[in-house]
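Below is one structure, written out as structure tokens; comments come after it.
Numbering (the working numbering), first residue to last: 19 to 374.
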């Protein structure tokens, strides 16, 4: 199917409003872009936060969404890596409405579109990029830990003799953090969740899963860590005030290190991290903006190694989030946002912009 001259989109018509359905069209493709018919788009907390707090929204009507999968319907003049008819999954670009995903068609830089393996459906594929890129940024980008990535020379051994600590293992970010830590060769991967997710998280690579309702203090958490394995960082996938405080405390009970968070650093946690006489702890707030030029050295090889029949997903090295589909297409985007905002556990909410 060729790219139509217009298509349906869920738009925020004005500040403070909820989504309505409108017609819009895409600007011409750049030479290095592809156009994609979106078959599935995942819901992320950043989406309803953008709507509610007007983050990244430069003008109205606005289009949200940045996690999707679909079919290539057109390619730019210089694109050799992708062909019309191929299935891809990708991250949209916040604030650039032609590149957002709460619509039936979008544009994507070709180098950032991973090819969807045959055995993976689009609903599953749509769940990776926002959370996965947040993890890759935290672990491998210079603004995070700056570790060698698994695709780099000896990058799969970077965690040898060390322990990865991940708070919130059942979250979307947490699931990918466990798996990328495993691909990075960490000997021990310790996480926390509710007991109902213990077995699943161990299947992803966690070596120890603590009950989040019990491991609520730093001393309790540290007591469960391997004694002969170094801990240099904590990835806090929840990043609430409470979990940031816990993450800082864990490292202060050890030799210090970095806390990676996906929200702004909490003021009380920062104050605790600067407490005199305790090991130095730095809280690092990351942005997983894969399309930004300064992040391409992480996002482009990630896309290349993630997709295709020989990539991480096809080979079972990365297990995608379990989707929970809200049926009804774009008309149900507010219901899907509400579902995400109220909180889900172990799954990712997904809609299908082209129905059903």
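Cβ coordinates follow ideal geometry from the N, Cα and C atoms, glycine included.
Every value quoted in this text rests on a predicted model; they were computed, and no experiment measured them.
Item: With a cut-off of 8 Å, do at least 3 Cβ pairs link the region 98-111 to the region 291-299?; Value: no
Item: Looking at the strands, I want to know which residues DSSP matches up with residue 335.; Value: For residue 335, which the question treats as bridged, DSSP gives no partner whatsoever.
Item: Pull up the DSSP beta-bridge partners for residue 181, would you.; Value: 206, 249
Item: How many angstroms separate the CA atom of residue 47 from the CA atom of residue 62?; Value: 26 Å
Item: Rounded to the nearest angstrom, what separates residue 52 and residue 103 at their Cα positions?; Value: 11 Å
Item: Evaluate contact between the region 239-253 and the region 214-224, counting only Cβ atoms and requiring at least three cross-stretch pairs below 8 Å.; Value: no
Item: Determine the extent of the beta strand (DSSP E) in which residue 303 is found, giving its start and end residues.; Value: 299-303
Item: Can you name the start and end residues of the beta strand (DSSP E) that residue 341 belongs to?; Value: 340-343
Item: Quick check on residue 70: does DSSP put it in helix, strand or coil?; Value: helix
Item: Can you check which of these residues, 176, 265, 196, 30, is closest to residue 72 by C-alpha distance?; Value: 30
Item: Can you grab the Cα-Cα spacing for the pair residue 348 / residue 126, in whole Å?; Value: 20 Å
Item: How many whole angstroms separate the CB atoms of residue 94 and residue 49, which I take to be in contact at a CB cut-off of 8 Å?; Value: 5 Å
Item: For the alpha helix (DSSP H) that contains residue 355, what are its first and last residues?; Value: 351-360
Item: Do residue 150 and residue 156 count as a contact pair if the criterion is CB distance below 7 Å?; Value: no
Item: Quick one, are the C-beta atoms of residue 227 and residue 211 less than 7 Å apart?; Value: yes
Item: Can you list the beta strand (DSSP E) stretches of 3 or more residues lying completely in the region 92-173, in chain order?; Value: 105-109, 123-127
Item: Just grab the DSSP bridge partners of residue 48 for me.; Value: Partner(s): none; residue 48 has no beta bridge.
Item: Taking the alpha-carbon of residue 379 as reference, which of 119, 261, 172, 191 has the nearest alpha-carbon?; Value: Here the chain comprises residues numbered 19 to 374, so residue 379 is not present and cannot be evaluated.
Item: Identify the residues that DSSP records as bridge partners of residue 275: which are they?; Value: 299
Item: Among 225, 324, 60, 340, which has the Cα closest to the Cα of residue 365?; Value: 340
Item: Please name the residue in 41, 153, 36, 40 whose C-alpha comes closest to that of residue 68.; Value: 36
Item: Let me confirm a value: residue 105 is counted as buried when at least 16 other C-beta atoms fall within 10 Å, else exposed. Which label applies?; Value: buried
Item: Which one or two residues does DSSP pair with residue 55 in a beta bridge?; Value: 89, 123
Item: In chain order, what residues of the same chain have a beta carbon less than 8 Å from the beta carbon of residue 240, not counting five sequence neighbours either side?; Value: 268, 271, 272
Item: Determine whether the beta carbon atoms of residue 255 and residue 189 lie at a separation below 7 Å.; Value: yes
Item: Can you tell me where the beta strand (DSSP E) with residue 285 in it begins and where it stops?; Value: Taken as a continuous stretch (DSSP letters only), residue 285 belongs to no beta strand (DSSP E), being part of the alpha helix (DSSP H) at 285-291.
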